[in-house]
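Below is one structure, written out as structure tokens; the observations come after it.
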Amino acid sequence: CQLDAIMAEESQKRGVKPSFKNYQGFPANLCVSVNGEVVHGIPGERVLREGDIASLDLGVSYNGFHTDAAITVGVGKISAQAKELIAVTEGSLRVGIAQANCGAHVGDISSAIQNYVESRWFSVVREYTGHGVGRELHEEPQVPNFAFSKGPLLRKGMTLAIEPMVNAGDWRTRLAPNQWTVLTVDGSLSAHFEHTIAITDGEAEILA
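Here it is in structure tokens:
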């Protein structure tokens, strides 16, 4: 896959290591999830076509620390629904980050994301969440994209990966036969955005 090869090449140029390759057996340097694929799509020989949307999810490690980030983009001319889904998902990430303040709680991030998305008639995935990130790619606490409880207190110096996954239809998902790729249960489109942030005394700092 060209995208996977580019990820490997650019990581080498920058002196970083792709975090996903061989993580719990994952076979690629990044995740490429297309249309109704939510997350963990394995890049291969598939050709992206006009009208597709694709999320690129990647992480790198440097000096023993990991980052994690994702973006969803359209291929050529995409549908009005796809444009709106991408815009709402990216907007929900901004809204979530705005709540990531020292003294707030994880649940404040979660509620803000869910309220933003559902007020625009889309749905948030519940089976997969954001997370702490640092010495390990996935650390505590979990950062759901839906209201669940007050959650842990946010303290200065914490680093989190906030990553809303938003479906155009039903929020539920299913696992593909490859046991990696997560699909929308109804075949609807899905989008995914993610930043790694640090909690500071003021506004959260976006690290990746």
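Residue numbers (UniProt numbering): 1 to 208. Built from N, CA and C at the ideal position, the CB exists for glycine as well. A quick note: this is a predicted structure, and the numbers were derived from the prediction, not measured.
Top-ranked residue by Cα proximity to residue i, from the options
i, options, result
"VAL185", "HIS195, GLU90, THR196 and TRP171", "TRP171"
"THR181", "VAL73, ILE78, ARG14 and PRO43", "PRO43"
"ILE206", "SER11, GLY151, ALA100 and GLU127", "ALA100"
"LEU48", "SER33, ALA104, SER110 and THR89", "SER33"
"residue 221", "LEU154, ASN178, GLU127 and ARG155", "The structure shown has nothing for residue 221, since the chain only spans 1 to 208."
"SER79", "GLY132, LYS150 and ASN35", "ASN35"
"LEU152", "ASP108, MET165, GLU90 and TRP121", "Sequence inspection shows Pro at residue 152; the Leu mentioned does not correspond to that position. Nearest option by C-alpha distance: ASP108."
"ARG120", "PHE146, ASP52, SER92 and GLU45", "SER92"
"LYS150", "ALA104, THR129, LEU85 and SER188", "ALA104"
Residue environment, residue i, which counts as buried when at least 16 other CB atoms sit within 10 Å
i, result
"GLY157", "exposed"
"GLY76", "exposed"
"ALA87", "exposed"
"ASP201", "exposed"
"VAL73", "exposed"
"residue 215", "For the chain, the structure presents residues 1 to 208; residue 215 sits outside this window and is missing."
"ASN178", "exposed"
"ALA28", "buried"
"LEU175", "exposed"
"GLY132", "buried"
Assumed close pair residue i, residue j - CB separation to whole angstroms, cut-off 8 Å
i, j, result
"GLU37", "SER190", "7 Å"
- Length at least 3, wholly inside the stretch 73-127: the beta strand (DSSP E) runs in chain order: none
- Query: Should the stretch 113-120 be regarded as contacting the stretch 89-98, the criterion being three or more beta carbon pairs within less than 8 Å?
  - Reply: yes
- Query: Residue ranges of each beta strand (DSSP E) run of no fewer than 3 residues wholly in the stretch 1-44, ordered along the chain?
  - Reply: 31-34 and 37-39
- Stretch pair the stretch 56-72 + the stretch 192-202: three plus CB contacts closer than 8 Å: Contact holds between the stretch 56-72 and the stretch 192-202, because three or more Cβ pairs, one in each stretch, are under 8 Å apart.
- Task: For the stretch 18-31 and the stretch 52-67, state whether three or more C-beta atom pairs, one from each stretch, are separated by less than 8 Å.
- Result: yes
- Query: Is there contact here, the stretch 151-165 with the stretch 133-142, by at least three beta-carbon pairs under 8 Å?
  - Reply: yes
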